[in-house]
Structures are given as C-alpha cells and as structure tokens.
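Heads up, this note's numbering is the position in the sequence shown plus 465, with the first residue counted as 1. Heads up, the beta-carbon is just placed ideally off N, CA and C, and yes, glycines get one too. Read the structure below first, then the notes.
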Amino acid sequence: MASKLPCLLVLAVGLSVTAAPSRTMHPSRDQTEACLQIKAQYDQATRLNVTDSIIVDGELAHQCLLSMPFDSHNGTLFVQEFRKFIEWQSTLDVLKDPPSGYLSPAVDILGGLDRIQAQAAQGAYSSQYEFDSNITSLLSSANDGHLWATLCSTSIFTFTLGLELVSISTDGIKLPQIYTVGDADLLDQGVHTVSPVVTINGQPAVDALNDIASSQTYQDPDARYNQLFYDPPREILQQSSIGAFATRSLWPGRAHHKIQFANGTTLQQRTMASSSFPNFNYTTGQALLEATCYYLPDSDLQDIAILFIPSFLPDKTPTQPTDFANNATTFIQSALRANKTKLIIDLSLNGGGYVNSGYDLFRLFFPDEPIYAASRFRAIEQADLAGQALASLQADQNNTETDACSTTNWCVSSWVTPNQTYHYTSWTEIFGPEEQFHGNMSTLVAPQDMDSSSDLTNPIRGYGGIEQVPTTAPFRAEDILIITDGSCTSTCTIFLSLMTTSHPNIKTLVYGGRPTQTPMQTIGGSRGNQDVEINYIDTLRDAAMQYAPSEKMRDRLDEVFFDSKKLPFYVQSAAVNFKSAYRRDEGEVPLQFVYEAAGCRRFWTWENVVNPGSRWVDAARAVWGLGWGWGDVLNEGE
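As structure tokens, then:
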C-alpha cells in the first residue's frame, strides 16, 4: 500500500487583534524632468521598432508620478463624495472592532478617509500620487477583495523587482524556507551550494514578506503570504505567475533591494517599472494628471477523480455559465462511468466569478440539499431612501418599473428570506434596522431570489424551472476532498461554505502559508455575498430619484446619496462589499470575520511548484494514503 503523507495537525486558537499603525509617505522631491526622460525612452524604443514591453527605472517612474500636482480643493471634494460610496461597504462597523479569532488588524476605514480629507484640506499632499496612494493603502488595509479602487495616478505604472521567490519545504512538513526560483531549481537538481534567503533589506526575510503581504486583499494572513510567490498555475487564469513580491501596484518604498542569503552572499535588486500605456507621451506631471485624472482613458489513485476549478469566471462569453454547468455535469458523468468513488476538488487560485455557477455546482453534488444563503447590507440612510422610493414598484406593472426593479434588485418584490421560502412584503421588513457590532444592519435576507435569477443562460439546478440533474449525490461527503491555497474569494467562498457547512464530513486541505506550524484557513479571500461597483450605486440613485414620491425626498437623495458625477477626479474603477454573508443560525458575525481552519495543511515542495499535478498526489496520500490517478480541468473544457 502506498505510504500516507502526514499533514500538519490543526487546532484553532483564539488570537487577539490590534489596530495597524498609520503610515505617512515622505518621498523624494527630485522630480523635475522624470516624465520627460521616460517619454524619451519610449520615443527611442519606437524609432528602434521595439515590440517588447518597455521597462524603465523604477525611481524615475516614481519621481514622474510625484510630479503630478495636487489640487487641495478638489482632493477635499473627492474624499467627501467618495466617502458616500464607501459607506456601502457592509463590514465597516465590524472592521473597527472585529471579533476574537479574526486574524487581520482592526481598521477604521471611514475614520481613515476623514483623516485623508483633513490632510487634503490642509495642503499636506504635494502630489496626486501621494493622495491616491494613501487612499489605496487605506482600502487595502481592510484585506477584503471586494473593497478596492483603481485611482487615476495608481494605474499608470506597475513596479517590478525582477526577482521571483518561492517558499518551499523539503518534504511538505518541515517549515519552508525562502529561495529564489533559480536557486530552488538548482537545489532540486542536487546543487547543495545554493542558500535560502535570510534577510530582505536588512529585515528577517519572513518579517519583510509579511509586511509586504499585509496589503494583499485577503483576510487570512497565510493566504496573503502565498500571493507573494511564484506559482505557475496562475497562468491558467491569464495572470502573472511571478507573485506579489516581484510586482507591486504601488511604489515599494525603495529604489534598490538588498537580498542576503544564509551563506553570507548578497544580491542587489533594482526596482523597475512598466507603464500601462502603449505610448508614453507626457513630458510633465501636469500633462500626465490632465490625461489620467480629469479625462477618461481611450480576464497509484485509480478511484479518484480530480476537478480543478481555478475560476467561476474563466471567460466572459454570454454562454459561460451554461457551459460551466454542462461541463460539470459531463465531468461527473464521466467520473462515475470510470468507476471513480472519490473526488478531489481543487479551488486553488479561485477568485470567484458567476455566483449562480457556485450555487449550481453545489446542487450538482448535493441535489437534495436546499440552498441557504444569508446576507445583510448596512442600514444607512442612502439604502433606506432608495428602498422607500422604490417600495411601491412591482416588477410586473410596466416595462419602466420592471427595468428599475431588475437593474437595481431594490424593489420589495426582489427580496426573499435566506431559505427562499418567504417573499418580503414591505420595505420596513427588509431594512430593519438591527444593531450588529455597534452598527445598524438590515434584516437577514437572501442575496438573491434563486427562482428569479436562475434561467437557461445562468442556471441553478432545481431553481427557476431548471431541471435537477443528477437527482442523487454522485459522491459521499466523506469521499470528497477540497484543496485550496487560501486565495478562495467571493463565489468560491460561497460554494466552499455551502459544501462544508451542509456536510462537515467533507475533507479540506490547504497548501502553503507562512512558515509556522499553526493552522491555516481554506478561505483567505473576501467572504462577502456581493460586491458592487460605482456604476451600480449610480444606477440605484437614478432609479430612486426617478420614483421618489416627493420633492422633499428627491432633495434629500441629492444631498446624501453618492453621485459619481460630483467627483472632481476620475476614478477608473472602485468597489465595495455590498452584502455580508452569514452562516445559518449565526446571523450576527459576518463570515468575513469567522476563523475556519482547514482539516489538513501542507507546505509546497519544489516538486509541487514545478509539477502542480503533484499537489493532488500529495494531498490524496496525506488524506487517504493512496496513489495517483485520473483528473480533469473543468474550465479547459477537457
């Protein structure tokens, strides 16, 4: 019989949470001709017919960004209006004082915006980039993949270090060490003169990496840590495999990085930058500001089946949800015909996607299990005004009202209870409010009406007239193993939570994380039920203004409701977590703040890095003590 690999024993422990210290930027002011020099390099590349991406010195790019002037008045107005959008973030109150067991620091997002607004009013910012970076860093401190903003000056350059790292263990159990990718490859070939990284810029390597990881948009610190490293399977999602250590959206804080190895040798790595513009035609920071901030710019285990689902949104074709459902059904049918009795579902890298696809996949595995999905939104005045304005609308009255209801899902007829058995009849029933963690939240509601949202183009089995196929569970719960790397986010978390909450016998295993012999969560990403972008809030506002029953209400809507047209600076994109998710019979603590360790944890070996399929082998042997077998990648259509 094949050997059974061990996994780290997991024991959840209570952890205290402290507030993160605020950080003030003090960049260099030597910026006079930086943008002009970058333009000259682009011009030269054009003359030489260079087709590759143009890489410029990182410090030069930083100085160019710092030369973008800052308008204090407009900056103040921007935060004032942008704050109204952020007020929709459903976890703001819990983030200020999170429950025991939540592993990320407490943060006051609205308080942080107030401080930034005060600094803007006082003229404390010398450049647009400083201002935008502070807002970006503040939102990142929430460690929520549903809360983000791509502001005008932060989307111009990406900073790169040109050095990819891996965190690998010799056997998957011993604590991993940090290596460059090249050295890890040599080590695997038997070259034992290579040495692990011990310090980065004079700081112990793990501490330095944890500091970098703190800005990643995952609520679990192990999941954040994993994002730093080289990981080839990311390329399946057309993402860069090099990791967040080697590429940064914001200035990494220094022009050179000193890497020291255990054998005493050192490596100096220079920060470089690449622009999102195919042509860089800006000679001054003022010209760059006008182009980007004020005007709009022009994806041996013979009985085990393996289902790799790196995304619930692998492409954006109109038929994708239907194709996903059909491929999943075909996969299960093929697995059963091949006499597979166990199933590994690999959710590594899964950042979410079509929510109906997550619900549909759950119903594929457990057709007799009704879907329970509970959520709350913040009971703020904007939400209440919109609800009152749209309360009398019915989706079946006329085309105009049907459109308003379907585009906003804010009419009373759109709301149902989490178990899908009762349609609310009044806005008061829905809005509440109910006090939760020092803030007012709505009543527990379903994130959507499954029957209304399920159709042939976006199906959920057994809902909305969609046939339930199969009618019996294809695998026993105890014969299912779910693997993640902690990056499971959004729809992925909904699917995984449904699976493990309804069937605790399902096994879970997580890979990687910080070099500690402690548990790690399967879900490290945002566990919100729904995120929305700025255009949705604008749509909701417009509908509320159109159907408000009185001029007085319209005046109040105009005063307090977010309106992107009032923003003095262009925002390329931004989002908030609109509805928090809750577990059945636990309607007080959002799942974003609930700690849940995987049943088993392993570190990556070098073989796991260069041969990702070996992750399934090691996971199966760790959990079942078996050998290698048959597999599939759902979203590749195989």
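Practice prompt. Flag this pair as yes or no: are the beta carbons of Leu501 and Tyr594 separated by less than 8 Å?
Written response: no
Fill in: Rounded separation between Gly816 and Asn874 - CA only
24 Å
Practice prompt. Express the C-alpha separation of Asp1083 and Gly1090 in angstroms, rounding to a whole number.
Written response: 9 Å
Worksheet item: Span of the alpha helix (DSSP H) holding Lys561?
Response: Leu557 to Lys561
Worksheet item: Taking the alpha helix (DSSP H) that Gly540 falls in, what are its first and last residues?
Response: Ser537 to Ile551
Worksheet item: Secondary structure at His903, three-state DSSP: helix, strand or coil?
Response: coil
Worksheet item: CA-CA distance, Asn585 and Phe596?
Response: Sequence check: residue 585 is Ala here, not Asn. So the two alpha carbons sit approximately 8 Å from each other.
Worksheet item: For Thr606, does the three-state DSSP call read helix, strand or coil?
Response: The residue asked about is misnamed: residue 606 is Ser in this sequence, not Thr. Note: Ser606 maps to coil in three-state DSSP.
Worksheet item: Which two residues bound the contiguous beta strand (DSSP E) that contains Gln642?
Response: Gln642 to Thr645
Worksheet item: Does DSSP classify Ser565 as helix, strand or coil?
Response: coil
Worksheet item: With DSSP run on the structure shown, which of helix, strand or coil describes Phe745?
Response: coil
Item to complete: Tell me, please, which residues DSSP counts as bridged to Leu525.
Response: Note: Leu525 sits in no beta bridge, so no partner.
Item to complete: For Thr722, count neighbouring C-beta atoms within 10 Å of its own C-beta (all shown protein chains included) and say buried if the count is 16 or more, exposed if not.
Response: Reading off the sequence shown, one finds His at residue 722, where the question assumed Thr. By the 10 Å Cβ count, His722 comes out buried.
Discussion item. Classify Thr731: buried if its beta carbon has 16 or more other beta carbons within 10 angstroms, exposed otherwise.
Written reply: exposed
Discussion item. Quick check on Gly637: buried or exposed, where buried means 16 or more other Cβ atoms within 10 Å of its Cβ?
Written reply: buried
Worksheet entry | Integer Cβ distance of Asp944 from Thr806, believed to fall under 8 Å | 6 Å
Practice prompt. Helix, strand or coil for Pro669, going by three-state DSSP, please let me know.
Written response: strand
Practice prompt. Go ahead and pull the three-state DSSP assignment for Val631.
Written response: strand
Discussion item. On the criterion of 16 or more Cβ atoms from any shown chain inside 10 Å, does Arg719 qualify as buried, or is it exposed?
Written reply: exposed
Discussion item. According to DSSP, is Arg979 part of a helix, a strand, or is it coil?
Written reply: coil
Worksheet item: So, do the stretch 698 to 713 and the stretch 971 to 981 have three or more beta carbon pairs nearer to each other than 8 Å?
Response: no
Worksheet entry | First and last residue of the uninterrupted alpha helix (DSSP H) at Phe789 | Gln785 to Arg802
Discussion item. For Asp1050, count the other beta carbons within 10 Å of its own beta carbon; 16 or more makes it buried, fewer makes it exposed. Which is it?
Written reply: exposed
Worksheet item: In three-state DSSP terms, what is Asn994?
Response: coil
Worksheet entry | Other residues of its chain near Leu1032: CB distance less than 7 Å, five sequence neighbours each side excluded | Phe543, Glu546 and Phe547
Item to complete: Enumerate in chain order the residues of its own chain whose CB-to-CB distance from Pro563 is below 8 Å, with the five nearest sequence positions on each side excluded.
Response: Val482, Ser569, Ala571 and Phe1058
Discussion item. By alpha-carbon positions, which one of Pro743, Asp768, Val910 and Leu808 ends up nearest to Ser879?
Written reply: Val910
Worksheet item: What does Gln725 pair with, by DSSP beta-bridge criteria?
Response: Thr664 and Thr731
Worksheet item: What did DSSP end up calling Gly1090 once you bin it into helix, strand or coil?
Response: coil
Fill in: Of the listed residues Phe1026, Ser591, Val1041 and Ala839, nearest to Leu963 (C-alpha basis)
Ala839
Discussion item. Could you pull the DSSP bridge partners for Ser879 from this structure?
Written reply: Bridge partners of Ser879: none, in fact.
Worksheet item: If we ignore side chains and look at the alpha-carbon of each, how far apart do Val1068 and Ser591 end up?
Response: It is worth fixing the name first, because residue 1068 is Phe in this sequence and not Val. About 45 Å.
Worksheet item: Are the Cβ atoms of Gly930 and Ser917 separated by less than 8 Å?
Response: no
Practice prompt. Taking only the alpha-carbon atoms, compute the straight-line gap between Asn675 and Arg699 and give it to the nearest angstrom.
Written response: 21 Å
Item to complete: Evaluate the contact criterion for the stretch 620 to 629 versus the stretch 736 to 743: three or more CB pairs, one atom per stretch, below 8 Å.
Response: yes
Fill in: Which listed residue (Pro775, Thr757, Val1075 and Leu829) has its alpha carbon closest to that of Asn791
Leu829
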